[in-house]
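Q:
Protein chains in written order, with the UniProt record's numbering: chain A, 1 to 475; chain B, 1 to 475.
1. Considering residue 251/A, what are the terminal residues of the alpha helix (DSSP H) in which it resides?
2. Report the CB separation of residue 126/A from residue 265/A in whole angstroms; it is logged as a contact under 8 angstroms.
3. For residue 189/B versus residue 223/B, is the C-beta distance shorter than 7 angstroms?
4. Residue 59/B touches chain A at which residues, Cβ-Cβ below 7 angstroms?
5. Determine the contact status of residue 4/A and residue 135/A, defining contact as a CB-CB distance below 7 angstroms.
6. Output needed in chain order: residues of the segment 296-312 of chain A with a Cβ under 8 angstroms from some Cβ in chain B.
7. On the DSSP bridge list, what partners appear for residue 371/A?
8. Quick one: using the 10 Å Cβ neighbour count with 16 as the cut-off for buried, is residue 199/A buried or exposed?
9. Does the contact criterion of 3 or more C-beta pairs under 8 angstroms hold for the segment 363-374 of chain A versus the segment 440-457 of chain A?
10. Considering only the alpha carbon of each residue, which of 417/B, 202/B, 436/B, 78/B lies closest to residue 434/A?
11. When the cut-off is 7 angstroms and only beta carbons count, does residue 378/A lie next to chain B?
12. Can you tell me whether DSSP reads residue 199/A as helix, strand or coil?
13. CB-CB under 8 angstroms to residue 26/B, same chain, minus the five flanking residues each way: which ones, in chain order?
14. Mind listing, in chain order, the continuous beta strand (DSSP E) runs of no fewer than 3 residues lying wholly within the segment 128-188 of chain A?
15. Taking 8 angstroms as the cut-off, does the segment 16-24 of chain B touch the segment 319-337 of chain B (at least 3 CB pairs, one atom from each stretch)?
16. With a 10 Å radius around its C-beta and 16 neighbouring C-beta atoms as the bar for buried, classify residue 355/A as buried or exposed.
17. In chain A, what lies closer than 7 angstroms to residue 47/B by C-beta?
18. Compute the beta-carbon to beta-carbon distance between residue 32/B and residue 137/B, rounded to the nearest angstrom, for a pair I have assumed lies under 8 angstroms.
19. Please list, in chain order, the chain A residues whose beta carbon lies closer than 8 angstroms to that of residue 76/B.
20. For chain A, check one thing: does any of its Cβ atoms lie closer than 7 angstroms to the Cβ of residue 341/B?
21. Is the separation between the beta-carbon of residue 41/A and that of residue 269/A shorter than 7 angstroms?
22. As a quick exercise: from 475/A, 9/A, 164/A, 389/A, pick the residue whose alpha carbon is nearest that of residue 122/A.
23. Check the Cβ of residue 352/A against every Cβ in chain B and list those closer than 7 angstroms, keeping chain order.
24. Got a sec: is the Cβ-Cβ distance from residue 82/A to anything in chain B below 7 angstroms?
25. Where does residue 292/B fall in DSSP's three states?
26. Closer than 9 angstroms, Cβ to Cβ, to anything on chain A: give me those residues from the segment 311-326 of chain B, in chain order.
27. Using 8 angstroms for Cβ pairs, my map puts residue 37/B next to residue 99/B. What's the rounded Cβ distance?
28. Would residue 190/A count as contacting chain B if we go by Cβ distances under 7 angstroms?
29. Mapping DSSP to helix, strand and coil, what is residue 207/A?
30. Of all the options 362/B, 276/B, 253/B, which has the alpha carbon lying nearest to the alpha carbon of residue 119/B?
31. Could you spell out where the beta strand (DSSP E) holding residue 222/A opens and where it closes?
32. Determine the chain A residues that contact residue 90/B at a beta-carbon separation under 7 angstroms, and present them in chain order.
33. What are the partner residues of residue 347/B, as DSSP defines its beta bridges?
34. To the nearest angstrom, report how far apart residue 389/B and residue 438/B are at their CA atoms.
35. Does the beta carbon of residue 363/B come closer than 7 angstroms to any beta carbon on chain A?
36. Consult DSSP for residue 98/A and reduce its assignment to one of helix, strand or coil.
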């Protein structure tokens, strides 16, 4: 039995990112995954959902056509099954490409089987035992389905099965309105499925800022009914495929889309053989800045660790895990500022600290506010709705975070992420140019609003005085 | 005759911005404008064009409907005259509001007449002579129409008259393909007008980067024919309202949209009475960082000065002019990094230094490239086209500028403007999070491409090592 330098368990986005780092150091590695290859993101996650959302929003826009001078919108129709066929075609391109990338990257070092950890330096796969200097665990996570719900069989859909449906059910209860439930629920509703949304929590898309949340609920609620704050209960009768009850009210559905979060793919993985304590989710403690589990040569990256279950974070964790696994080290890396986006309409996004986090820590901060129902560009495009809140430290004027439910949130959030990553103050942020008319001007308004509320009222002018000008052409 | 502290000539965006600063210092001022009030931007510029472009792009999107599972696109039709009616309605809201703002801001100090400068401390308006401690000139600019073209009368349209047309001509030659010609030409073509575009220069939307320009020409050229690099000649015959010749080829049109730039509104303004030298455009020299003309108590702001004829720059110049006019000073302010956006499809934008400027100054720079025909999010939305080039200093890795013709350029450009304003390096820019799948990932690819080409190949990892982490929550 030859000893490997590294074994990567899982060929998803996190595992592939680790693989890239490990390949820089050694060819003596194995990647183990039972398939299907192609990454969750490309197969059933970020990619197909965006194609679906675009089609849904294109169709939804017809409501504005008459006002814009476009006739015939009433003749438009959409066929949910055709949309899904389109989405699958799009998806197959991306997932097929990712599978090719995976096979090319891993080459002969790919074992298509399930892996089991036997010890911190020993893995079993395909009936073989592999001794290894390090292990990267990147098995991902899967949609959570409460075990009592399993009796409903294929009437329970998830993000992993919805895109495979040849016939989209006519009436769907979406249970869980985080990023996945909200994106899929709204899109399904816009392509003509009857959708009702439920979430035990009184929130939508993870928002914690009450005012922003309220506006998001209003806007999304105009697409499809949503019920928040109480658990949905499922049952089945002869007359109805699946009954969903909420409080005293029950209604009949063709299917339920379960979107209540994910559980880590650790069944049969043998984490118990690592010899470290496991928490109530069955996971070991790990350091998000080293990806290391305890002081073992074992690293954990991507959705499986439950820390930041978002693709770009999985890539970062894979990078850290791969670098450390290859070198047998525990080098410590900064994590990027948090950036979360829900591709709903209005889009929901959060950057840096959430409002709840700031309030919990008792930090003194001001809130800069911009109501997008008055935002010029949004109004020009008849898409004016939502609210942007940015948070700034009342002492230092530093930008701390933001929550928003606005059109174009994905773009505003990226600009804000640059500011957060570079620890900029609201005054520094206001020195940038803002074109006209753009959605970003709404961000400027929120920044100005925050600046006006800061303790130190001696606000700095947006234009710097000469002497410290950035080099740039003039006329 | 009482002496005023300040007289503002022109109640457009630049003048109103100056007014806000002057009102902070004194109530003893006058604002003079012959009307119509409401600002060029809101009446005939940025605002109506964006409403038109949105309607045009909504209609254009129908070509993708069938593929997305939406039926009936062939039943859609658009009526250019209805679109313009919609645009006027939208425009009236914004312009009406701006007129109200103007009247409220200026109050009784508004004189609705044409102003003439008699001396650096004397203005005439409405038959009255006004002595003043300072003058702000903010009269704006108007579309340039070569005098021989005046014989064609109302067959020559401009951005100031096109939105007023009750009947949009069936076939229009757009002459000049800078920001205005390109935006209006493409939108008119998409709402069903037959459009042919011409520009004497071999460029589009002001691009100077040959590769980006080429891709822009390809993309826009698929909407309507464009002829670059030779002057268009106009004539009129009995059989044809207006004939446009280009090289050996002539064709008949219903109207010409003249979009060859603007000329400053200085006729009868009395600039010759300032006692300073005027250049061949009839304008005095001025300092863009103080807005001051020579050492006179006279300041010039906005499109009239020809420096940076863009709304947000006019506001900055108004701020500088107003502050200095009120205080009788020449305080020097930094100008923001240049940011130019054309709302075409693909959008065209430039930030910081243009490529031509960098080449002219002999600066050593690398080009980071991203082809958006392969960009994931753009492909998911069937809008994958165009090219992004970013320029970085080969010694310092500092981001210097960018030119692009890509979907969502307006957003990418704002993120880049933050980087330019803060003199960030490409490595610092890569430390920010990029979500997936977003257009901004195309920017990241271009940044990585630039980083890989830098002289100092010791590239910094995107994740900082611990010790210098920005404060932010972890899991």
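Note that CB positions come from ideal geometry on N, CA and C, so glycine has one too. Because the structure is a prediction, the values reported are computed rather than measured.
A: From the atom records:
1. No alpha helix (DSSP H) contains residue 251/A, which is instead part of the beta strand (DSSP E) from 249-253.
2. In fact, because the Cβ distance is near 18 angstroms, the residues do not count as touching under 8 angstroms.
3. yes
4. 70
5. no
6. 306, 307, 308, 310, 311, 312
7. 387/A
8. buried
9. yes
10. 417/B
11. no
12. strand
13. 5, 6, 326
14. 128-132, 135-137, 141-143, 171-175
15. yes
16. buried
17. 380, 437
18. With a Cβ gap of about 11 angstroms, residue 32/B and residue 137/B do not count as contacting.
19. 65, 70, 71, 72, 73, 75, 76
20. yes
21. no
22. 9/A
23. 472
24. yes
25. strand
26. 311, 312, 313, 315, 316, 319, 320, 323
27. 4 angstroms
28. no
29. coil
30. 276/B
31. Counting along the chain, residue 222/A falls outside any beta strand (DSSP E), and DSSP gives it neither H nor E.
32. 380
33. 406/B
34. 18 angstroms
35. no
36. helix
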